[in-house]
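Peer 1:
Numbering (my numbering), first residue to last: 471 to 627.
1) For the alpha helix (DSSP H) containing residue 524, name the first residue and the last one.
2) List the endpoints of the continuous alpha helix (DSSP H) containing residue 598.
3) What residues in its chain sit with their C-beta under 8 angstroms from that of residue 494, if we drop five residues either side in the sequence?
4) Residue 542 to residue 528, Cα distance in whole Å?
5) Pair every Cβ in the segment 586-599 with every Cβ in the segment 512-530, then say whether three or more of these pairs are closer than 8 angstroms.
6) Assuming residue 505 and residue 548 make a contact with CB atoms under 8 angstroms, what is their CB distance in whole Å?
7) Keeping to the same chain, check which residues put their C-beta closer than 6 angstroms to that of residue 471; ignore five residues upstream and five downstream.
8) Per DSSP, which one or two residues make a beta bridge with residue 493?
9) Measuring CA to CA, which of 581, 563, 576 and 517 is closest to residue 602?
10) With distances taken Cα to Cα, identify the nearest neighbour of residue 512 among 487, 608 and 560.
11) Going by beta carbon distance, what residues of the same chain come within less than 6 angstroms of residue 466, once the five residues before and after it are set aside?
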């Protein structure tokens with residue numbers, strides 16, 4: 471999905487609020503879940519107001535025939551994104567090993583874990599050799615039945 475050529479409002483009327491975490495001062499790529507609930511609520515309210523205003527301005531710009539590639543600059547960075555990933559077996563192994571490790575940004579780690587589960591389903595023998603199968607079980611987890619991902623390319627929407 472390109473915000474440059476497509477109407478970003480097609481991603482949904484409402485922009486989802488990101489999960490707020492505190493900065494880890496020892497590892498700049500990591501964050502900490504221990505955020506004060508009142509501080510979290512304060513910024514969730516402010517973000518929601520900001521997101522609504524950004525979407526209103528974006529819609530007005532499109533209605534006035536401003537090019538999508540220009541109008542997108544008023545959108546918050548939290549607008550949804552579709553991610554398309556391709557790679558060979560070696561690059562998937564490297565990616566999964568690197569991005570499931572501690573210190574990876576939480577959202578990226580979640581994507582990598584989902585990729586790993588699909589990898590295990592597609593390549594059980596390789597996964598077992600890598601030691602990725604819990605208790606030697608390289609079957610497909612039931613939770614992947616509900617996944618909106620396309621296999622075997624490991625495409626994640």
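All C-beta atoms, glycine included, are put in the ideal place defined by N, C-alpha and C. Since this is a predicted model, take the numbers as computed values, not measurements.
Peer 2: Taking the definition as stated:
1) Unbroken alpha helix (DSSP H) run through residue 524: 507-533.
2) Where residue 598 is concerned, the enclosing alpha helix (DSSP H) starts and stops at 594-600.
3) Once the five neighbours on either side are set aside, the close Cβ partners of residue 494 are 500, 501 and 502.
4) Taking the straight line from one Cα to the other gives about 7 angstroms.
5) In short, these stretches do not touch, since the Cβ pair count stays below three.
6) The distance from the Cβ of residue 505 to that of residue 548 is about 17 angstroms, inconsistent with a contact at the 8 angstroms cut-off.
7) Interpretation of residue 471 is limited by its pLDDT of 43, a score under 50 that renders its predicted location unreliable; no figure is taken from the coordinates.
8) BP columns for residue 493 point to 501.
9) Looking at the Cα atoms, 563 is the closest of the given residues.
10) Nearest option by C-alpha distance: 487.
11) Because residue 466 is not part of the residues shown, which for the chain are 471 to 627, the question remains open.
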